[in-house]
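Student: The opening position of the sequence shown corresponds to residue 14 in this note's numbering, with each subsequent residue numbered one higher.
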Amino acid sequence: MIRVFVFETMMIPTGSMIPTIMPGDRLFIEKITLQLSEPEIGDTVIFWAPFVDKNALSMLRPFDKFMDLFSPSRFRGHVKYVKRLVGKPGDVLELEPVSGMGMYRLKVNGKVPPGFENRYYVRAGIFLTPDFWRMMAYPDEFKNIVTSSFYQFLKYYNDALDFDVFYEEYLKEYDNERYVWQDESGNVKVRVPPGHYFFMGDNSRESFDCRYFGFVPVENVVGSPMLRIWPLKKFGVLGR
């Protein structure tokens, strides 16, 4: 019961948070603080994916699969992600090109947040086109206007996440010009809805995050990673 309400551990299977967190790291997650207060922009947060991720489920270790049996019933079959918080309710997000790098810098409400001056992102998912989430939900509608490789990408995640179901039951409500639009220069902007967060991974090229699947409800937050407990040679407090 202590694990359920106070802390738990989590093994990280992917490289979406490199260099902050490496594949194979096991983290000690503290759950009380974020039940009493909100995370801040720049915090690393553990949260339940708002959909069933069949691929991620297949990557869980037996211990983690067993312990997730004690999760709230509404999250049964879901997995936990670890990403960096980049947007809170009401925030307007955009990616600004960095000259000569081919990468982008995050702006929140028109300013680069403290600590993000040297964080760079790939313009992908919803920041590439405001139609992206609908494309994920209904790839066949766009088959003749996208490249073959992009269509296969859309089909892969549509199947792995049952994204059409997720879109119709949840995301469609927020997939409109109130929350996603292009400005006069064609740059996509995203406004985080009430009661939601927007997360992205530090390893932007390899991170499957809110750019691709949309907003995360506040109640999906699990906690904060306090310690790296494995491998032992890297044991210690997790840096920001």
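Beta carbons are placed, not taken as given, at the ideal position from N, Cα and C, and that holds for glycine.
Going along the chain, which unbroken runs of the alpha helix (DSSP H) with 4 or more residues stay wholly within the stretch 80-160?
Tutor: Here the runs fully enclosed are 145-150.
Student: Quickly, what does DSSP pair F212 with across the bridge? List them, please.
Tutor: Counted from its first residue, the sequence shown places residue 212 at position 199. Paired residue(s): L98.
Student: Using the C-alpha atoms, what's the distance from N171 back to E182?
Tutor: Numbered from its first residue, the sequence shown carries residue 182 at position 169. Numbered from its first residue, the sequence shown carries residue 171 at position 158. Each residue's alpha carbon lies about 14 Å from the other.
Student: Helix, strand or coil for S217, going by three-state DSSP, please let me know.
Tutor: The count along the sequence shown starts at 1 and reaches residue 217 at position 204. S217: helix per DSSP, three-state reduction.
Student: Quick one: measure Cβ to Cβ for V92 and A69, integer angstroms, because I've assumed they're closer than 8 Å.
Tutor: By one-based count along the sequence shown, residue 92 stands at place 79. By one-based count along the sequence shown, residue 69 stands at place 56. Approximately 4 Å separates the beta-carbon atoms of V92 and A69; this is inside 8 Å, confirming the contact.
Student: What is the residue span of the alpha helix (DSSP H) that R224 lies within?
Tutor: Within the sequence shown, residue 224 is the residue found at index 211, counting from 1. Element bounds for R224: 223-226.
Student: In angstroms with no decimal places, state the Cα-to-Cα distance between I25 and R204.
Tutor: Reading the sequence shown from its first residue, position 12 is the one you call residue 25. Reading the sequence shown from its first residue, position 191 is the one you call residue 204. Those two C-alpha atoms are separated by around 29 Å.
Student: Just the Cα atoms here: how many angstroms apart are M114 and T22?
Tutor: Here residue 114 refers to the residue found at position 101 of the sequence shown. Here residue 22 refers to the residue found at position 9 of the sequence shown. So the two alpha carbons sit approximately 37 Å from each other.
Student: Counting C-beta neighbours from all protein chains within 10 Å, is the total for M14 16 or more, i.e. buried, or is it exposed?
Tutor: Numbered from its first residue, the sequence shown carries residue 14 at position 1. Because M14 sits at a pLDDT of 42, beneath the cut-off of 50, its placement in the model cannot be relied upon, and the following sentence gives the value as read from the coordinates. By the neighbour-count rule (16 or more Cβ atoms within 10 Å), M14 is not buried but exposed.
Student: In terms of DSSP beta bridges, what is P244 paired with?
Tutor: Counting from one through the sequence shown, the residue named residue 244 turns up at place 231. Bridge partners of P244 according to DSSP: none are assigned.
Student: Provide the residue(s) that pair with M23 in DSSP beta bridges, ordered along the chain.
Tutor: Translated into the one-based positions of the sequence shown, residue 23 becomes position 10. Beta-bridge analysis with DSSP links M23 to L40.
Student: Alpha helix (DSSP H) containing K67: first to last residue?
Tutor: Locating residue 67 in the sequence shown gives position 54, where the first residue counts as 1. Unbroken alpha helix (DSSP H) run through K67: 67-72.
Student: Only counting the same chain, and skipping five residues up and downstream in sequence, which positions put a Cβ closer than 8 Å to that of K96?
Tutor: Taking the first residue of the sequence shown as 1, we reach residue 96 at position 83. Scanning its chain for C-beta atoms nearer than 8 Å, with the 5 sequence neighbours on each side dropped, one finds around K96 the residues S29, M30, T57, V58, F60, F212, M213, G214, S220, D222, C223, in chain order.
Student: Assuming L12 contacts P110 under a Cβ cut-off of 8 Å, what Cβ separation, rounded to an integer in Å, is found between them?
Tutor: Because residue 12 is not part of the residues shown, which for the chain are 14 to 253, the question remains open.
Student: Helix, strand or coil for P75? Go by DSSP, reduced to three states.
Tutor: Here the question's residue 75 lines up with position 62 in the sequence shown. Helix.
Student: Going by beta carbon distance, what residues of the same chain come within less than 6 Å of R16, once the five residues before and after it are set aside?
Tutor: Along the sequence shown, read from residue 1 onward, the residue named residue 16 stands at position 3. At R16, the pLDDT of 47 sits below 50, so the modelled position is not reliable; the number obtained from the coordinates is stated separately. For R16, where only same-chain residues beyond five positions count, there are no Cβ hits under 6 Å.
Student: How is the beta strand (DSSP E) around T12 delimited, first residue to last?
Tutor: Lying outside 14 to 253, the shown extent of the chain, residue 12 is not represented and no answer is given.
Student: Measure the alpha-carbon distance for M148 versus K185 and round it to whole angstroms.
Tutor: Here residue 148 refers to the residue found at position 135 when the sequence shown is read from its first residue. Here residue 185 refers to the residue found at position 172 when the sequence shown is read from its first residue. The alpha-carbon atoms of M148 and K185 are separated by roughly 12 Å.
Student: State the Cα-Cα distance for the pair G249 and E43, rounded to the nearest angstrom.
Tutor: Your numbering for residue 249 matches position 236 in the sequence shown. Your numbering for residue 43 matches position 30 in the sequence shown. Cα to Cα, the separation comes out at about 14 Å.
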